[in-house]
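Residue numbers (the UniProt record's numbering), protein chains in the order written: chain A, 1 to 375; chain B, 1 to 375.
2 protein chains.
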Amino acid sequence: MTTLSPPLVEPIRVGVALSDRSYDILIGRGLIASAGAEIARRLPRVRAAIVSDRNVGGLYSADLSRVLNAAGIGSVAVEVEPGEGTKNFANLEHVVRAVLAARLERGDVVIALGGGVVGDLAGFAAAIVRRGMRFVQLPTSLLAQVDSSVGGKTGINTPEGKNLVGAFHQPSLVIADTGVLDTLPPRELRAGYAEVAKYGLIDDPGFFAWLEANWRGVFSGGPEREHAVATSCRAKARVVAADEHETGERALLNLGHTFGHALEAATGYSQRLVHGEGVAIGMVLAHRFSARMNLASPDDAARVTAHLAGVGLPTELADIEGTLPDADGLMALIAQDKKVSRGTLTFILTHGVGKAFIAKDVPPAAVRDFLADSL
Amino acid sequence: MTTLSPPLVEPIRVGVALSDRSYDILIGRGLIASAGAEIARRLPRVRAAIVSDRNVGGLYSADLSRVLNAAGIGSVAVEVEPGEGTKNFANLEHVVRAVLAARLERGDVVIALGGGVVGDLAGFAAAIVRRGMRFVQLPTSLLAQVDSSVGGKTGINTPEGKNLVGAFHQPSLVIADTGVLDTLPPRELRAGYAEVAKYGLIDDPGFFAWLEANWRGVFSGGPEREHAVATSCRAKARVVAADEHETGERALLNLGHTFGHALEAATGYSQRLVHGEGVAIGMVLAHRFSARMNLASPDDAARVTAHLAGVGLPTELADIEGTLPDADGLMALIAQDKKVSRGTLTFILTHGVGKAFIAKDVPPAAVRDFLADSL
Ligand SMILES: NC(=O)c1ccc[n+]([C@@H]2O[C@H](COP(=O)([O-])OP(=O)(O)OC[C@H]3O[C@@H](n4cnc5c(N)ncnc54)[C@H](O)[C@@H]3O)[C@@H](O)[C@H]2O)c1
Ligand SMILES: NC(=O)c1ccc[n+]([C@@H]2O[C@H](COP(=O)([O-])OP(=O)(O)OC[C@H]3O[C@@H](n4cnc5c(N)ncnc54)[C@H](O)[C@@H]3O)[C@@H](O)[C@H]2O)c1
Ligand SMILES: [Zn+2]
Ligand SMILES: [Zn+2]
């Protein structure tokens, strides 16, 4: 348990514009202390289920329940094991039944207190209990604060693949307490940072330059952290508002993810490589491949590599411990992840820092040769 | 297996108006034979998973797969056990994983071939695989043709209650082949008929009078059957279009269902009383209770009783075999089903045949006394 002090400054407010399902993202240090009031203001007279994993629940669940209580919101706690393996049907059923056993109604709220695993699982449960309950995200990992808690994608994994089962279910509110990132393991903080950098690389070269100059403050927990989270949320909110159900432009968010997913699969989704680390290497590869295709300058690839390596992220295939599949093996994993449509691949490529674009006609042979040379 | 002859007459088309999710209900004898063409016309180049139960699958699945094939639609078959017990998490996972194992994509289609159990389960699976696949209903019970296949409510049961977990997921098309009702067990046909009569009782006295004169044709499979199914679908489509997510007027569809659900619960959801039989008794009780509250004439209650009993449906509590709970026991079951808000019950009551309305302030004591006198 931690001691709660109310936030010293006003939270930053980022709006997600989705007509009648619009909602706020509040960002600030110490915000858990005002979570009760913020929820009660928007959702009067609700009751709540707090879903968390053992790590995060142990640190923050009792505090949250207390501030909810103080705001007149009774709650029950539902705990799951930490880790990606938790996102499965058995835990979905467990959370759903716990919410039903607490006799929560459609207007009541499921609160996800945790990283992306808890957010995806609890959000999916909220989507299907009584065909849709209210849902509030209280993301506690950097990745969850800048990525998974915004946009309404929820879901679980099955042996057939990751995130293949789920629902679009927008939260009513996202509260990103940047102070809780102080207890996040450093490796997870770095992994989340890869997604922060991604927003700069997609279409905001100014933000990438700002990160190059200010990343230390993001890591140490200065006011730069709030700025980085808010800028990331604004970027994601813009894309989500333009393409809620991922039929077009939202694909840009996958910069670095095609290579990244293949590497995660190649390492068995193990601690050898966590998601954000795969994304970091994937973004470097996307820039290098773009340079090789004469779409971008090699200087941009070098700049991206320097920054990501500078914060302590892996940037080379050789940074991954143990052996990797060969180029053909990696291509097979890429083909499994992406639909190969009429013999070409869709990739997010770039014309340089902040100039990513969707390339629909990438020849697989070029990717294969590039990987062979990179291994 | 049956031999397929194409329909002799044009199907009746009923539209469900839901802006960009509008769809057609096609109604006619022999329509399975044209299911491939109708689906291919609306969803070009899809692949399909046919979900069915053992009873219905044994009769119609091979035929359907053949006509799909003829229209260029490859399919896999997924079979579940017949019966309400099938609507659970384990079967949801089974169907979802079978669809994923067949490598169907978001644009591909899940086809529910069966009664309401298969429709609710397969529709829910379609709603959550890849966060929403296409979905086609091929309802094979009368209840499914006139009620469960229209409106987009999908879901499963848990030990906490029936239909508490699910999604709103509209089909792309509903094909009601009235010929397949010839193989439906007569008791199930009668049960579905209770829901047909319900549409007359809600707001269409002319239809109820037509049913009194023409019910034999509905049961024997004359053209009256198509008319009855189409009129019912039109009525449901109207309500659904006005209130897709069941926040208001859609509650009228619950005429007879508050009493009915309590009786189903009282008989343990067993073969002692199937759903439509509970609804039949419930509708009679709703009319009698309305008369007792001086809202309607007792003649209307008598008329409803006479018609439902005439087609062979139970209409009295005494028609249920075995013992029932006493009035207090039934009231407890009613309170479990409905939210008792500030001490009063919301019920669907009536001013007479075709004049149902939502009554929000029914005193529980009046219901209890009425039940005590009815037992
Ligand atoms: N829905 C989306 O749009 C979306 C987007 C990206 C990723 N995701 C999903 O997010 C998941 C990854 O999220 P993640 O990286 O947050 O993983 P995670 O939820 O597993 O959290 C990482 C680890 O950090 C711990 N932790 C979290 N917050 C902590 C804190 N404040 N203090 C101490 N420990 C803390 C967790 O217990 C866990 O052990 C994946 O399942 C991925 O599929 C979803
Ligand atoms: N989604 C909705 O809006 C909605 C509305 C009403 C009811 N429901 C649900 O519908 C379910 C009840 O549906 P149901 O009454 O169709 O039950 P069902 O699906 O169990 O079918 C009844 C029986 O008839 C058999 N059968 C079906 N069609 C047949 C045919 N043509 N020939 C031979 N046998 C056939 C089935 O195998 C089953 O044994 C319940 O689970 C209920 O909750 C849903
Ligand atoms: Zn990512
Ligand atoms: Zn019914």
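Built from N, CA and C at the ideal position, the CB exists for glycine as well.
Q. Which word fits Asp182/B, buried or exposed, when buried means at least 16 other C-beta atoms lie within 10 angstroms of its C-beta?
A. What you label residue 182/B is simply residue 182 of the second sequence in a count that begins at 1. With fewer than 16 Cβ atoms within 10 Å of its Cβ, Asp182/B is classed as exposed.
Q: Give the C-beta separation of Val150/B and Val240/B to the nearest angstrom, bearing in mind that I take them to be a contact with Cβ-Cβ under 8 Å.
A: The residue labelled residue 150/B in the question sits at position 150 within the second sequence. The residue labelled residue 240/B in the question sits at position 240 within the second sequence. Yes, they are in contact, since the Cβ atoms of Val150/B and Val240/B sit about 7 Å apart, within 8 Å.
Q: Using a Cβ cut-off of 9 Å (strictly closer), state whether Ile334/B contacts chain A.
A: Here residue 334/B refers to the residue found at position 334 of the second sequence. With a threshold of 9 Å between beta carbons, Ile334/B makes no contact with chain A.
Q | Beta-carbon neighbours of Thr158/B, restricted to chain A and to distances below 9 Å | A | By one-based count along the second sequence, residue 158/B stands at place 158. What Thr158/B touches in chain A: Glu93, Val96, Arg97, Leu100.
Q. If you draw a straight line from the C-alpha of Arg190/A to the C-alpha of Val174/A, how long is it?
A. For this step, residue 190/A is matched to residue 190 along the first sequence. For this step, residue 174/A is matched to residue 174 along the first sequence. Rounded to the nearest whole angstrom, the C-alpha separation of Arg190/A and Val174/A is 22 Å.
Q: Would you check if there are 3 or more beta carbon pairs closer than 8 Å linking the segment 14-30 of chain A to the segment 160-180 of chain A?
A: Flag = yes, the segment 14-30 of chain A and the segment 160-180 of chain A touch.
Q. With which residues is Ile12/A paired in a DSSP beta bridge?
A. As a working mapping, residue 12/A is identified with position 12 in the first sequence. Ile12/A pairs with Ile27/A.
Q: Compute every distance between the C-beta of Ala191/B and the non-hydrogen atoms of ligand 2, then say whether any falls below 8 Å.
A: For the purposes of this step, residue 191/B is identified with residue 191 of the second sequence, where counting begins at 1. Yes - ligand 2 has a heavy atom lying nearer than 8 Å to the Cβ of Ala191/B.
Q. Ile128/A CB to nearest chain B CB: under 9 Å?
A. Start at 1 with the first residue of the first sequence, and residue 128/A comes out as number 128. So, interface residue.
Q) Between Gly354/A, Gln336/A, Leu375/A, Met331/A, which lies nearest to Pro363/A when the distance is taken from Cα to Cα? A) The residue labelled residue 363/A in the question sits at position 363 within the first sequence. Pro363/A has its Cα closest to that of Met331/A, out of Gly354/A, Gln336/A, Leu375/A, Met331/A.
Q. Where does Thr344/A land, buried or exposed, given buried means 16+ other C-beta within 10 angstroms?
A. Your numbering for residue 344/A matches position 344 in the first sequence. With fewer than 16 other Cβ atoms within 10 Å, it is exposed.
Q.
Between Ala167/B and chain A, is the shortest Cβ-Cβ distance under 9 Å, so that the two count as touching?
A. Taking the second sequence and counting its residues from 1, one reaches residue 167/B at position 167. With respect to chain A, the C-beta atom of Ala167/B has a partner C-beta closer than 9 Å.
Q: My understanding is that Leu68/A touches Asp177/A, with C-beta atoms under 8 Å, so please give their C-beta distance in whole angstroms.
A: Against the first sequence, residue 68/A aligns to sequence position 68. Against the first sequence, residue 177/A aligns to sequence position 177. A Cβ-Cβ distance of about 14 Å is found for the pair Leu68/A and Asp177/A, leaving them out of contact under the 8 Å criterion.
Q. Cβ atoms of Ala359/A and Leu349/A: under 9 Å apart, would you say?
A. Within the first sequence, residue 349/A is the residue found at index 349, counting from 1. Within the first sequence, residue 359/A is the residue found at index 359, counting from 1. Their beta carbons are under 9 Å apart, which means Leu349/A touches Ala359/A by this criterion.
**Q.** Per-residue burial, Asn91/A [other beta carbons within 10 Å of its own, 16 or more giving buried]
**A.** Locating residue 91/A in the first sequence gives position 91, where the first residue counts as 1. When all chains shown are included, Asn91/A counts as buried.
Q) Where does Asp147/B sit, in a helix, a strand or coil, going by DSSP? A) Residue 147/B sits at position 147 when you count from the first residue of the second sequence. Reduced to three states, the DSSP call for Asp147/B is helix.
Q. For Pro205/A, which residues from the same chain have a beta carbon less than 7 Å from its beta carbon, with the 5 sequence-adjacent residues on both sides left out?
A. Mapped onto the first sequence, residue 205/A falls at position 205. The residues Val353, Gly354, in chain order, have a CB closer than 7 Å to that of Pro205/A in the same chain once the five nearest residues on each side in sequence are set aside.
Q: Count the other CB atoms, across all protein chains shown, that sit within 10 Å of the CB of Leu273/B; report buried if there are 16 or more and exposed otherwise.
A: Taking the second sequence and counting its residues from 1, one reaches residue 273/B at position 273. It counts as buried.
Q: Report buried or exposed for Asn254/A, applying the criterion of at least 16 other Cβ atoms within 10 angstroms of its Cβ.
A: Sequence index remark: in the first sequence, residue 254/A carries index 254 (1-based). Asn254/A comes out buried.
Q. Does Gly161/A get closer than 9 Å to chain B when you measure Cβ to Cβ?
A. One-based indexing of the first sequence puts residue 161/A at position 161. Gly161/A has a beta carbon lying within less than 9 Å of a beta carbon in chain B.
Q | Cβ of His261/A within 9 Å of any chain B Cβ | A | Locating residue 261/A in the first sequence gives position 261, where the first residue counts as 1. It does not; no Cβ of chain B falls within 9 Å.
Q: Confirm the yes/no value for this check: CB of Asp24/B, any heavy atom of ligand 3, distance under 8 Å.
A: For the purposes of this step, residue 24/B is identified with residue 24 of the second sequence, where counting begins at 1. False, no ligand heavy atom lies under 8 Å from that Cβ.
Q: Assign Ser19/A to buried or exposed, taking buried as 16 or more other Cβ atoms, counted over all protein chains shown, within 10 Å of its Cβ.
A: If you number the first sequence from 1, residue 19/A lands on position 19. The Cβ neighbour count for Ser19/A, taken over all protein chains shown within 10 Å, is under 16; the residue is labelled exposed.
Q | CB contact check: Arg131/B to chain A, cutoff 9 Å | A | As a working mapping, residue 131/B is identified with position 131 in the second sequence. Taking Cβ atoms only, chain A reaches closer than 9 Å to Arg131/B, which makes this a yes.
(Q) Taking beta-carbon pairs under 8 Å, can you tell me which members of the segment 69-89 of chain A lie near chain B? (A) Answer in chain order: Phe89.
Q. Taking 9 Å as the CB-CB limit, is Phe124/B close to chain A?
A. The sequence position of residue 124/B within the second sequence is 124, counting from 1. Yes, because at least one Cβ of chain A sits closer than 9 Å to the Cβ of Phe124/B.
(Q) If contacts are defined as beta-carbon pairs under 8 Å, then Val46/A and Val109/A qualify, I think. What distance do you get, rounded to the angstrom? (A) Here the question's residue 46/A lines up with position 46 in the first sequence. Here the question's residue 109/A lines up with position 109 in the first sequence. Contact flag correct, Cβ pair sits at about 5 Å.
Q.
Gly256/B and Ala228/B - do their beta-carbons sit closer together than 9 Å?
A. Against the second sequence, residue 228/B aligns to sequence position 228. Against the second sequence, residue 256/B aligns to sequence position 256. Contact flag unset, no.
Q: Please determine if the segment 304-323 of chain A and the segment 111-125 of chain A are in contact, where contact requires at least 3 C-beta pairs separated by less than 8 Å.
A: Flag = no, the segment 304-323 of chain A and the segment 111-125 of chain A do not touch.
Q. Is Phe135/A near Ala112/A, with beta carbons less than 9 Å apart?
A. Your numbering for residue 135/A matches position 135 in the first sequence. Your numbering for residue 112/A matches position 112 in the first sequence. Judged by their CB atoms, Phe135/A and Ala112/A are nearer to each other than the 9 Å cut-off.
Q. Could one say the Cβ of Lys153/B lies closer than 9 Å to chain A's Cβ atoms, at least one of them?
A. Taking the first residue of the second sequence as 1, we reach residue 153/B at position 153. It does; some Cβ of chain A falls within 9 Å.
Q: For Leu142/A, name the three-state secondary structure that DSSP assigns.
A: As a first step, residue 142/A is located in the first sequence; it is residue number 142 there, counting from the start. The answer is helix: DSSP assigns Leu142/A an H, G or I state.
Q: Return the CA-CA distance between Arg187/B and Ser65/B, expressed in angstroms with no decimal places.
A: Position 187 of the second sequence, counting from 1, holds the residue named residue 187/B. Position 65 of the second sequence, counting from 1, holds the residue named residue 65/B. Take the alpha-carbon of Arg187/B and the one of Ser65/B: they are about 28 Å apart.
Q: Report whether the distance from the Cβ of Glu10/A to the nearest heavy atom of ligand 2 is below 8 Å.
A: Along the first sequence, one-based indexing puts residue 10/A at 10. Judged by the Cβ position, Glu10/A fails to qualify as a neighbour of ligand 2 at the 8 Å threshold, every heavy atom of the ligand being at least this far.
Q: In angstroms with no decimal places, state the Cα-to-Cα distance between Asp361/B and Leu184/A.
A: Against the second sequence, residue 361/B aligns to sequence position 361. Against the first sequence, residue 184/A aligns to sequence position 184. Straight-line Cα distance between these residues: approximately 52 Å.
**Q.** Alpha-carbon to alpha-carbon, Leu164/B and Arg288/B
**A.** To locate residue 288/B, count along the second sequence from 1; it is residue 288. To locate residue 164/B, count along the second sequence from 1; it is residue 164. In this model, Arg288/B and Leu164/B are separated by some 30 Å (Cα to Cα).
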